[in-house]
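Take a look at the structure below.
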Amino acid sequence: MAVVATIMNSATGQPIQKMTFGRMPKPWASFTLENGERVTADRVDVGKPAPGKVVVPVSVWVTPKT
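According to the UniProt record's numbering, the sequence shown is numbered sequentially starting from 1.
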């Protein structure tokens, strides 16, 4: 089951993009953003699903260089 995560900017707290992972990303995962920048995850937050829902919100926090 694929995991859809929101990529968040650690410096500003703003979302950067949505990304689909084949499995739950690890806190040390490295990946490439849409703009071509290679980043490493600072932390991964897993939230609680909404009542009656199965989908769990996942946020991956990164520090982009730009």
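Idealized CB from N, CA, C, for every residue including glycine.
Computed from a predicted model, the values in this text were never measured in an experiment.
Check	Outcome
Less than 8 Å separating the beta-carbons of residue 39 and residue 64?	yes
Quick one: give me the first and last residue of the beta strand (DSSP E) that residue 9 is part of.	3-9
Taking C-beta to C-beta, are residue 11 and residue 25 nearer than 8 Å?	no
Please tell me whether residue 43 and residue 27 are closer than 8 Å, where the distance is taken between their beta carbons.	yes
Using only the heavy atoms of the ligand MG, determine whether one of them is closer than 7 Å to the beta carbon of residue 51.	Among the components modelled here there is no ligand, and therefore nothing to report on the ligand MG.
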